[in-house]
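Read the sequence shown against this note's numbering and you will find it ends at 247, with the numbers running on by one and no gaps.
Beneath this line is the structure, given in C-alpha cells, with notes to follow.
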Amino acid sequence: MAKKKMGLEDLGGFVFSTDDDFDENEIHQDDTELLSPGEQRLEAHFSKKGRGGKTVTIIKGFEGPEEDLITLGKKLKKSCGVGGSVKDGEIIIQGDDREKIMKLLQKDGYKVKKVGG
Numbered sequence: 131m132a133k134k135k136m137g138l139e140d141l142g143g144f145v146f147s148t149d150d151d152f153d154e155n156e157i158h159q160d161d162t163e164l165l166s167p168g169e170q171r172l173e174a175h176f177s178k179k180g181r182g183g184k185t186v187t188i189i190k191g192f193e194g195p196e197e198d199l200i201t202l203g204k205k206l207k208k209s210c211g212v213g214g215s216v217k218d219g220e221i222i223i224q225g226d227d228r229e230k231i232m233k234l235l236q237k238d239g240y241k242v243k244k245v246g247g
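In C-alpha cells form, the structure reads like this:
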C-alpha cells in the first residue's frame with residue numbers, strides 16, 4: 131500500500147512565516163465571487179453507468195460554496211421525493227427526473243441544459 135503524501139491541509143491550519151507584513155486573514159479569504167442563479171449554467175445529465183443498471187440524474191456545473199450545493203441537492207431530492215447525494219461538486223438524484231428537476235431549477239432562476247440520452 132502506497133503512503134499518502136502529506137499536504138498543507140494535514141497540518142491543521144498551522145502557518146509559519148518569516149514575513150513581517152504577513153496577514154493570516156489573507157490566506158483564508160476566498161477569491162471566488164458568488165454567482166447568482168441567473169449567471170450559473172447547469173447541466174442535467176442522465177446516467178446509469180456503474181450503478182447496476184439503475185438510472186440517475188446528475189446536475190453538474192454548480193459554482194459556489196459546498197453548503198449551497200448541499201442545500202440545493204436537499205431541495206431537489208425533497209421536491210422529487212427520491213434519494214440522492216452530493217459528491218465531487220455534483221448533485222446525484224435517483225431516477226430519470228430531468229424534466230422535473232430542470233423546471234425546479236429554472237423556477238429558481240438557474241439556466242439549465244439537458245445533456246445526454
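From the three backbone atoms N, C-alpha and C, an ideal C-beta is built for every residue, glycine too.
Separation of residue j from residue i, as counted between CA atoms
i, j, result
"Leu202", "Val212", "14 Å"
"Gly168", "Thr148", "44 Å"
"Lys237", "Asp218", "25 Å"
"Gly183", "Lys204", "24 Å"
"Ile200", "Ile189", "12 Å"
"Gly225", "Ala174", "12 Å"
"Leu164", "Gly191", "14 Å"
"Arg228", "Asp153", "46 Å"
Proximal residues to residue i (C-beta, below 8 Å), its chain only, five neighbours per side dropped
i, result
"Lys207", "Gly213, Gly214, Ile223"
Residue i - partner residues in DSSP beta bridges
i, result
"Glu223", "Inspection of the sequence shows that residue 223 is occupied by Ile rather than by Glu. Answer is Thr187, Gly214, bridged to Ile223."
Candidates the options: closest to residue i by CA position
i, options, result
"Leu239", "Asp153, Asp151, Ser166", "With the sequence shown as reference, residue 239 is identified as Gly, and Leu is not the correct amino acid for it. Looking at the Cα atoms, Ser166 is the closest of the given residues."
"Glu123", "Leu172, Val216, Leu234, Gln170", "The requested residue 123 does not occur in the structure, where the chain is confined to residues 131 to 247."
Extent of the continuous beta strand (DSSP E) run through residue i
i, result
"Lys241", "241-245"
Where the alpha helix (DSSP H) containing residue i begins and where it ends
i, result
"Glu229", "228-237"
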